[in-house]
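Chemist:
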Amino acid sequence: MIVRIDNNVHVQIAEFYAISLALHPALDEAVVERKKARLYAAIRELEFYATIYPLARYKQSWIDAGYHEFIAEDFHFAYKIYTIEETGEQVAYVVDACHSLLYHN
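Residue numbering for the sequence shown follows the working numbering, starting at 1383 and increasing by one per position.
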């Protein structure tokens, strides 16, 4: 399965950690970079596991859109699975991300 990440996801991750670094003086850039690396590694793992995660259950806009959801490093990710008609390949398209601290807002 091919994994694609919407630019919005990159923005959500970058903004969250930029604000975190500004608010928490004890948090260091190296720690944030390792966390981000683990996040992107988890997203890439959708190549193998996208079909096992359930549909979104709590965030109404994700439910309405029929997105699947998975959690990694305290981030919730919304994605949809579709098939490229010409090739028959499946794609997991990650469309949104939200940190657990902000998830129910």
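All C-beta atoms in this analysis are idealised placements derived from N, C-alpha and C, irrespective of residue type, glycine included. Values in this document were obtained by computation on a predicted structure and should not be read as measured data.
Would you call the region 1404–1420 and the region 1430–1438 touching, i.e. three or more CB-CB distances under 8 Å?
Modeler: Taking 8 Å as the limit for Cβ pairs, the verdict is that the region 1430–1438 does not touch the region 1404–1420.
Chemist: In terms of DSSP beta bridges, what is Q1472 paired with?
Modeler: On the sequence shown, position 90 is the one that residue 1472 refers to. Bridge partners of Q1472: T1465.
Chemist: By the three-class DSSP mapping on this structure, what secondary structure does R1426 have?
Modeler: Working through the sequence shown from its first residue, we reach residue 1426 at position 44. The answer is helix: DSSP assigns R1426 an H, G or I state.
Chemist: Determine the burial state of I1453: buried for a count of at least 16 other Cβ atoms within 10 Å of its Cβ, exposed for fewer.
Modeler: The sequence position of residue 1453 within the sequence shown is 71, counting from 1. Result: exposed.
Chemist: Note down, in chain order, each residue of its chain lying with its Cβ closer than 8 Å to the Cβ of W1444, except the 5 sequence neighbours on either side.
Modeler: For the purposes of this step, residue 1444 is identified with residue 62 of the sequence shown, where counting begins at 1. Closer than 8 Å at the Cβ level, and outside the excluded window around W1444, lie A1438, E1451, A1460 and D1478.
Chemist: Determine the burial state of F1457: buried for a count of at least 16 other Cβ atoms within 10 Å of its Cβ, exposed for fewer.
Modeler: Translated into positions along the sequence shown, residue 1457 becomes position 75. Buried, because 16 or more other Cβ atoms sit within 10 Å of the Cβ of F1457.
Chemist: To the nearest angstrom, how far is the alpha carbon of E1455 from that of A1447?
Modeler: One-based indexing of the sequence shown puts residue 1455 at position 73. One-based indexing of the sequence shown puts residue 1447 at position 65. Between E1455 and A1447, the C-alpha separation is close to 24 Å.
Chemist: Just the Cα atoms here: how many angstroms apart are M1383 and L1409?
Modeler: Along the sequence shown, read from residue 1 onward, the residue named residue 1383 stands at position 1. Along the sequence shown, read from residue 1 onward, the residue named residue 1409 stands at position 27. Whole-angstrom Cα-Cα distance: 35 Å.
Chemist: Please classify F1398: is it buried, with 16 or more other beta-carbons within 10 angstroms of its beta-carbon, or exposed?
Modeler: Here residue 1398 refers to the residue found at position 16 when the sequence shown is read from its first residue. With 16 or more other Cβ atoms within 10 Å, it is buried.
Chemist: Compare the Cα-Cα distances from F1359 to each of L1484, C1480, V1385 and V1414 and report the closest residue.
Modeler: The displayed coordinates of the chain run from 1383 to 1487. Any statement about residue 1359 would go beyond what the structure contains.
Chemist: For A1474 and L1428, which I take to be in contact (beta-carbon distance under 8 Å), what is that distance rounded to the nearest angstrom?
Modeler: If you number the sequence shown from 1, residue 1474 lands on position 92. If you number the sequence shown from 1, residue 1428 lands on position 46. Yes, they are in contact, since the Cβ atoms of A1474 and L1428 sit about 4 Å apart, within 8 Å.
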